[in-house]
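I have placed the structure first, in the form of structure tokens, so that the comments after it can refer back to it.
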Amino acid sequence: EVQLVESGGDLVQPGGSLRLSCAASGFTFSSYTMSWVRQAPGKGLECVASMKEDGSEEKYVDSVKGRFTISRDNAKKSLYLQMNSLRAEDTAVYYCARGGAIGGFFKHWGQGTVVSVSS
Amino acid sequence: DIQMTQSPSSLSASIGDRVTITCRASQSISSYLNWYQQKPGKAPKLLISAASSLQSGVPSGFSGSGSGTDFTLTISSLQPEDFATYYCQQTYSTPPTFGQGTKVEIK
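Line by line, the protein sequences are chains F and H. Each residue of the first sequence is one higher than the last, beginning at 74 in the working numbering. Each residue of the second sequence is one higher than the last, beginning at 8 in the working numbering.
Right under this line is the structure:
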């Protein structure tokens, strides 16, 4: 069974940093593009970052470029999102999702971790 | 980035109604279009991939069609468990982008 378990969400002040983690199991992690998708309170879905299976390519939505960094450790079957210079508008549930490649889809999602940016 | 626009943003319907949701891409995306269902407090669930391919376990009352820039999700006969928010998503370019969502409510 595919499982994705996020952790690291917290309340942080504007300008602060946070690192999210996603532990994967039940599939060959190193064979899949992985992504972070967020959902602000009462809002829609936004894919903020994706990374190819071998870490050779990463993509970001414009609103987080230069502030967020996606990374992965295939040996540990883990995905990460380093978030710096956090803003109030980054407040959201952050989901780890398997997929994000061209022509692909997000079949498997984690349960989400909450990031709240507030003073 | 490719913009995805859904219509309507919300709708009210009754059990048994036929419901159609439209998704338009800002440029051609071939058939790289997926549909998701999300219920409150839950992660989204993939319903349809590649515009019209129904995922295993998804009721046959759901169907998708379209290619290029215009796509539709149809629920042939609305059931109580279908009240949710629906999102389209393009994967023609990365990172993937979603429509703003269509909330299906009980009339």
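C-beta: ideal position from N, C-alpha, C; glycine also.
Taking C-beta atoms under 8 Å as the contact rule, residue 123 of chain F and residue 101 of chain H qualify, at a distance of about 6 Å. Assignment of beta strand (DSSP E) within the stretch 32-71 of chain H, counting only whole runs of 3 or more residues, yields 40-45, 52-56 in chain order.
Residue 23 of chain H has a beta carbon lying at 7 Å or more from every beta carbon in chain F. The count of Cβ pairs closer than 8 Å, one atom from the stretch 52-61 of chain H and one from the stretch 131-141 of chain F, stays below three, leaving the stretches out of contact.
Residue 107 of chain F and residue 171 of chain F do touch by the CB rule: their CB atoms are close to 6 Å apart, below 8 Å. Linking residue 168 of chain F to residue 88 of chain F through their CA atoms gives a straight-line distance of about 22 Å. For a cut-off of 8 Å, the C-beta gap from residue 93 of chain H to residue 43 of chain H is around 7 Å, short enough to register as a contact. Here residue 161 of chain F carries a helix assignment [DSSP, helix/strand/coil]. For residue 102 of chain F, the three-state secondary structure derived from DSSP is helix. Identification of residues in the stretch 84-106 of chain H having a C-beta nearer than 9 Å to some C-beta of chain F yields 92, 94, 96, 98, 99, 100, 101, 102, 103, 104, 105, 106, given in sequence order.
For residue 180 of chain F, the chain H residues whose Cβ falls inside 7 Å of its Cβ are 53, in order along the chain. Using a C-beta cut-off of 8 Å, the stretch 24-43 of chain H makes contact with the stretch 80-96 of chain H, since at least three inter-stretch Cβ pairs fall below that distance. The Cβ atoms of residue 82 of chain F and residue 94 of chain F lie no closer than 7 Å to each other. Under DSSP, residue 105 of chain H takes part in a beta bridge, and its partners are H:96.
For residue 118 of chain F, the neighbours in chain H by C-beta distance under 7 Å run, in chain order, 51, 94, 105.
Following the DSSP letters along the chain, one finds residue 80 of chain H inside the beta strand (DSSP E) bounded by residues 77-82.
Rounded to whole angstroms, the separation of the alpha carbons of residue 181 of chain F and residue 78 of chain F is 11 Å. Under the three-state reduction of DSSP output, residue 136 of chain F falls in the helix class. Residue 83 of chain F carries a coil assignment under DSSP once its states are collapsed to helix, strand and coil. Among the residues of the stretch 125-141 of chain F, those with a Cβ less than 8 Å away from any Cβ of chain H are 132, 133, 134, 135, in the order of the chain.
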